[in-house]
Amino acid sequence: RRGQLIEAGLEGFGTVGYAHATVKMICAEAGLTERYFYESFANREAFFGAVYDRVVEIIGGLMDEAIEAAPQEPEAKARALIDTYFDKIEADPKFARILLLEVIGVSHELESIYRAAMQLFTDLVRDRLPELLQAAVARKADPEVVAAGLVGAIVHVAMRWVISDYEKSREDMTQGLMEIFRAVAQES
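Residue numbers (this note's numbering): 597 to 784.
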């Protein structure tokens with residue numbers, strides 16, 4: 597039942613947003629009564645946190661798999677990560693809305709969940725793309741800060757792309773971000 601509710605939350609929050617998705621609407625989408633909702637979640641905010649965690653788990657897993665499957669060159673791994681992220685948010689605008697837009701500004705608790713997700717993505721870049729960060733580290737840059745900056749670039753570019761209703765091409769997004777990744781990897 598929890599899984600049904602989370603799937604319904606992906607649909608509801610992704611379609612009408614956090615502010616307009618009611619518990620009643622989510623339960624109707626899941627085909628469950630509100631009793632089942634409140635057995636699993638304290639309130640709508642806690643429920644949104646669980647839906648957001650699921651979205652982060654999905655995108656994190658996809659990016660990790662893409663890096664693993666990519667050729668071993670750092671640029672190929674970075675491209676796989678970026679392509680996977682943008683493929684998912686382009687293919688599923690509801691997913692993108694939850695991941696990038698709906699979580700912002702709801703509450704301190706959800707902001708904390710968002711920051712934890714950004715840390716997870718930072719850890720992924722730092723731990724899975726260490727070769728990409730070597731030149732920056734050689735210049736005495738903190739790899740955590742550099743990885744966080746790269747994640748921030750991805751998230752901000754993605755957010756702008758979603759808000760613009762995917763105005764520019766997907767390749768424009770990837771190419772622009774790859775320039776940032778290449779600049780970080782470039783030796784002095």
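Yeah, the Cβ is synthetic: ideal placement off N, Cα and C, and Gly gets one too.
Query	Result
Distance between C623 and L601 (C-alpha atoms, nearest Å)	7 Å
V741 classed as buried or exposed, judged by whether at least 16 other C-beta atoms fall within 10 angstroms	exposed
Segments assigned alpha helix (DSSP H), at least 4 residues, entirely inside the stretch 601 to 655	619 to 626 and 630 to 636
R722 (DSSP reduced to helix, strand or coil)	helix
Backbone CA spacing between A692 and L606 [nearest angstrom]	10 Å
Cβ-Cβ distance between L786 and A781 below 7 Å	Not covered by the structure: residue 786. The range shown for the chain is 597 to 784.
Whole-angstrom distance between I776 and A582, CA atom to CA atom	Since the first residue of the chain shown is 597 and the last is 784, residue 582 is not available in this structure.
Contact under 7 Å by Cβ, Y614 with E698	yes
Cβ-Cβ separation, L716 to V651 (assumed contact under 8 Å), whole Å	Not a contact, Cβ separation roughly 12 Å.
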